[in-house]
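Residue numbers (numbering that gives the first Met the number 0), protein chains in the order written: chain Z, 0 to 192; chain A, 0 to 192; chain E, 0 to 192; chain H, 0 to 192; chain P, 0 to 192; chain Y, 0 to 192. First up is the structure itself, then whatever we jot down about it.
Number of protein chains: 6
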Amino acid sequence: MAASPISRYPVPRLDELPADIRARILEVQEKAGFVPNVFLTLAHRPDEFRAFFAYHDALMLKEGGLTKAEREMIVVATSGANDCLYCIVAHGALVRIYAKQPLLADQVAVNYRKADITPRQKAMLAFALKVAQNSAAIDDADFEALRSHAFSDEDIWDIGAIAAFFALSNRMANLISMRPNDEFYLLGRVPRK
Amino acid sequence: MAASPISRYPVPRLDELPADIRARILEVQEKAGFVPNVFLTLAHRPDEFRAFFAYHDALMLKEGGLTKAEREMIVVATSGANDCLYCIVAHGALVRIYAKQPLLADQVAVNYRKADITPRQKAMLAFALKVAQNSAAIDDADFEALRSHAFSDEDIWDIGAIAAFFALSNRMANLISMRPNDEFYLLGRVPRK
Amino acid sequence: MAASPISRYPVPRLDELPADIRARILEVQEKAGFVPNVFLTLAHRPDEFRAFFAYHDALMLKEGGLTKAEREMIVVATSGANDCLYCIVAHGALVRIYAKQPLLADQVAVNYRKADITPRQKAMLAFALKVAQNSAAIDDADFEALRSHAFSDEDIWDIGAIAAFFALSNRMANLISMRPNDEFYLLGRVPRK
Amino acid sequence: MAASPISRYPVPRLDELPADIRARILEVQEKAGFVPNVFLTLAHRPDEFRAFFAYHDALMLKEGGLTKAEREMIVVATSGANDCLYCIVAHGALVRIYAKQPLLADQVAVNYRKADITPRQKAMLAFALKVAQNSAAIDDADFEALRSHAFSDEDIWDIGAIAAFFALSNRMANLISMRPNDEFYLLGRVPRK
Amino acid sequence: MAASPISRYPVPRLDELPADIRARILEVQEKAGFVPNVFLTLAHRPDEFRAFFAYHDALMLKEGGLTKAEREMIVVATSGANDCLYCIVAHGALVRIYAKQPLLADQVAVNYRKADITPRQKAMLAFALKVAQNSAAIDDADFEALRSHAFSDEDIWDIGAIAAFFALSNRMANLISMRPNDEFYLLGRVPRK
Amino acid sequence: MAASPISRYPVPRLDELPADIRARILEVQEKAGFVPNVFLTLAHRPDEFRAFFAYHDALMLKEGGLTKAEREMIVVATSGANDCLYCIVAHGALVRIYAKQPLLADQVAVNYRKADITPRQKAMLAFALKVAQNSAAIDDADFEALRSHAFSDEDIWDIGAIAAFFALSNRMANLISMRPNDEFYLLGRVPRK
């Protein structure tokens, strides 16, 4: 089988893009060695692209009580619940790299209960999945459960907001059939030389 | 019963806020006559506030094949599926106002099949609900169904992206227990004098 | 869009109806100022009409431990779970009127956890929803939970029986596409003059 | 294990009951040789008892396009979906007796697709189950499907109304833990002598 | 209606079968007085037949902490959840015979909470149903719950493994439309003479 | 975090095992270079071990219309639906190796609709998932759909039987918390030297 295209929608060439978007894409290419398809495919809509990555950066790059690996674990666990191939594969690579655990992403994507993580991290992912799947039922008891694991209320906002942002992201990726770059599948699985 | 607070989280005072956010809030107050709670409650996180409303505006204020009333109908139908009180009540008011149909928002929030809308609009909402509830199963047949109702592929992106953005919005509102302003409940139900 | 008819089935004229049914309809018209469509549409089957309203009256008009507003809240919450437009709109009006809370019906229809009601009323609605959605799993622990909120066993029968009766009512309304009268949407939202 | 009681609620003695209810019970005892527990347990609430059986009789004893066996098949199939022991066992006996097919009730309670019935009867039960489980999604296509099997619109009302009435009945039986009489389990399984 | 065939697939004649399979079938016929259709229909694939019954015997005929009636109750409860007519009817007969309770199989197939069994047996069936329906969520708390009812860890393996084996068996029976022998429906319902 | 053990249950030492089981394990070790944990963990119950692998071999090693890669794709897709970490990881390795497509296993585990496979293979996996998730609803139309893709009825048995066998296997792995060997995660992702 030939590989499917990276989006159902037209993918702009770099030289067609507004300068700020082109700069962002060149920056990520410089850093990662390739351009993740989420940048190319969402660039079809420049205003949405800008808002998407501003939101992403506000949640994923900020300081706070959650480690980078924990944030990416939230992404992978909720993307698993939403059956989003792009996000599982791309953010799975980030889980492996940040946590320096080559097996962790697959574990979290399938069943966080069986992952090599702490009970506190399991409580974090249980809450994230409730936000992803049944947010109307969230109540005080859910907040108490996280506080008992020493999560602050600001941490809880972070957990919930990441789950909420990837509820959007997973649906966009499924809508346009966003294809993960081949490179992601192997990243973090083998030691860098 | 006393009314519940408008958020589980602290709500900043206007004079504490960054100037751009304060300006946006004053502008909406000027226009609507009150400040919708989504502005006050999300202002707790200024960077996320900015990204949220940039995304919102990119989808809801742009030109395109969908009318303003249709965009708000997508919001209300998917927020109904997610049991999000804030979005049903606040965007229900917008449906009534834009469509000039005082019954339409309640119809769409409960069951779009019974709403006083066209078959084309029913197809639009069926697709939006699939994005909201089962986006992994979207396939070519769903695109074909919308094209047969003369939706362009750019319209389909709009429909799906609005459903995806409110997947985020509904989860944030449920996370923080965002309370709709009392004013929204009645807006558009009675003729303006 | 033209408004849809009030039923998929023929709606009898008043002068075609048996005397007892006509009398009941005239009585409700006298009291409410209009004839709710449930009376006109179910009159297509006189024997079922009589049994339906006898059952309704036995549950909704009797004395007992639940207030009228609480009974109607059970109707609205379970009709919300069953996506029944007629019952949400018509009984939502009754919730607003009996409780003298113009926002309450919309809150309860979408998510009782966020409604301006007491913890005891939330326990009542949680039980009603379990009867509506998963009655086979009701067990002693559910009865104990309600007793701990000072509901008697007769109150529990009332809660469960109202949920059960509107399981029927919601399905009939969905079967025949019963349309709510326009009047209901606004009732109880604005102070009576 | 001792057998459980026939209801969570007090069961009135015959001599405590209003005359009309006592007469109805004696009549059914005369005919069936025993008193089905639904009569004894619901007699705890005389007004609800009267409405319940008036409704039941209006649907199950009337003339119409459905045979008695078909009506009872609708009861058994939908009670199977609702996991209602009383109704499966009691109305299963009636299916066996009316259809003169000793295997039919168990087949229909578990999976109508595998039952020894006609394609027309399978279409009838598919519709009844949609009324029982997802009535909000009923639309014109469902009516067309039944009409193509030569069901009239009045037949369709009968099918839907029986499914709706037993939505109530199943929930009441589950609420009060109504126990089927031992006699029902064997009725219609062996030839009467 | 003519009865449906016992399988969608060809059913081998006894004289076509390998000797070991023929011997097994003759042995069960000798013992039961008829050949259960599971033997005839699965014999279409001799190697799978041998593995299937080896697995069955390893779980159902072994010594251990569960009685024969309890093992068959697990089969019936999980087959009820999977809507498998063959297994409910055939193993329901075994429940009745081993437990010497003619009503028990129907109770367990529909709703174990209402069955005439001990609290320990209800805990056993709750666990079996979790293995059948949501095995990924099994965690230490489920094991603790069973240990508190004096189930050993080997008993828990037995409960889970029987539920797992009939997850296979139910799916095979549904795949090939395996028809229960008429004889099973009545077995154990009336005293043997 | 320390890695979790490979089973909730005791894992026998090789020298404690019956000779036939030890031989099988040594054979697989010879071939694969390590012993997959399914062999060590299920050896806790020798009779069940023998039946399990006899069944496995009858389905997975036989000749027939499905390629080895296709059989393993069925395993991975249905194990994805059942959230079974062991089977996704271990059989994912086999999908990569047999299909010589390093990305295929992750695609199929998450969403076969997005995998780089043929329409015929997508029809095969849709059927396998129906057997895994809703086998009671399988009917003639499902068989017709596969026949239209040139699957024989024997192929259909193979597809369904593999889905059924891994319904068992997934539940056993989840029951005992079977841990995938670390080796599997990387197998087939990089070219063998």
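Each residue gets a CB set at the ideal place from its N, CA and C atoms; glycine is no exception.
The beta-carbon of Ala2/H is placed less than 7 angstroms from the nearest beta-carbon of chain P. Note that the C-beta distance between Met177/Z and Thr66/Z is not below 7 angstroms.
Contact check for Val75/H and Val94/H: beta-carbon distance about 5 angstroms, within the 8 angstroms limit, so the pair qualifies. At a cut-off of 7 angstroms between C-beta atoms, Lys113/H counts as an interface residue with respect to chain P.
A Cβ-Cβ distance of about 14 angstroms is found for the pair Ala131/E and Ala172/E, leaving them out of contact under the 8 angstroms criterion. In the displayed model, Glu62/Z falls within coil according to three-state DSSP, outside both helix and strand. When DSSP states are grouped into helix, strand and coil, Met177/Z belongs to the coil group. Proximity of Asn81/E to chain Z, defined by a Cβ-Cβ separation below 7 angstroms, is not satisfied.
Its Cα nearest to that of Asn133/Z, the residue Ala80/A stands out among Leu58/A, Ile87/A and Ala80/A. Close partners of Ala135/Y in chain H (Cβ separation under 7 angstroms): Asn110. Straight through space, the alpha carbons of Leu58/E and Asp157/E are spaced by roughly 7 angstroms. Taking 7 angstroms as the CB threshold, Met171/Y lines the interface with chain P. Counting only residues of its own chain and dropping the five nearest sequence neighbours on each side, Phe164/Z has a CB closer than 8 angstroms to the CB of Tyr54, His55 and Leu58.
Considering only beta carbons, the part of the segment 137-155 of chain Y lying closer than 9 angstroms to chain H consists of Ile137 and Asp138, in chain order. Here the segment 181-188 of chain H makes contact with the segment 87-101 of chain H; the two share three or more CB pairs at distances below 8 angstroms. In the structure shown, Val130/Y falls within a helical segment according to DSSP collapsed to helix, strand and coil. Taking the C-beta atoms as reference points, Ser78/Y is found no nearer than 7 angstroms to Asn180/Y. Shown here, Thr117/H sits in coil according to DSSP, grouped into three states, outside any helix or strand. In the DSSP assignment, Ile96/Z falls within the unbroken alpha helix (DSSP H) covering Leu84 to Ala98. Taking a C-beta distance under 7 angstroms as the contact criterion, Ser151/A and Gly63/A do not qualify as a contact pair. Taking a contact as a CB-CB distance under 8 angstroms, the pair Gln106/Z and Lys99/Z does not count as one, their CB atoms being some 14 angstroms apart. For a Cβ distance threshold of 7 angstroms, residue set Ala57 of chain E lies close to Asp46/H, ordered along the chain. In the displayed model, Asp138/P falls within coil according to three-state DSSP, outside both helix and strand. The continuous alpha helix (DSSP H) containing Val37/H extends over residues Asn36 to Leu41. Under a criterion of Cβ atoms nearer than 7 angstroms, no residue of chain P is adjacent to Tyr8/H; the nearest Cβ is some 15 angstroms distant.
The alpha-carbon of Ile87/Z is positioned some 40 angstroms away from that of Tyr85/P. When the Cα atoms are used, Asp14/H and Ala50/H turn out to be separated by approximately 21 angstroms.
By the criterion of a C-beta distance shorter than 6 angstroms, Glu47/E is surrounded by no residue of its chain, once the five residues flanking it on both sides are discounted. Residue contact check for Arg188/A against chain E: a CB pair falls below 7 angstroms. The three-state reading of DSSP puts Phe183/P in helix, counting H, G and I together. For Ile5/A, not one C-beta of chain E is nearer than 7 angstroms to its own C-beta. Annotation: Ser3/E is outside any alpha helix (DSSP H) and is labelled neither H nor E by DSSP. Under the three-state reduction of DSSP output, Asn169/A falls in the helix class. Taken through DSSP and simplified to helix, strand or coil, His55/P comes out as helix.
Across the set Arg70/P, Gly159/P and Pro45/P, the C-alpha of Gly159/P shows the shortest separation from the C-alpha of Tyr8/Y.
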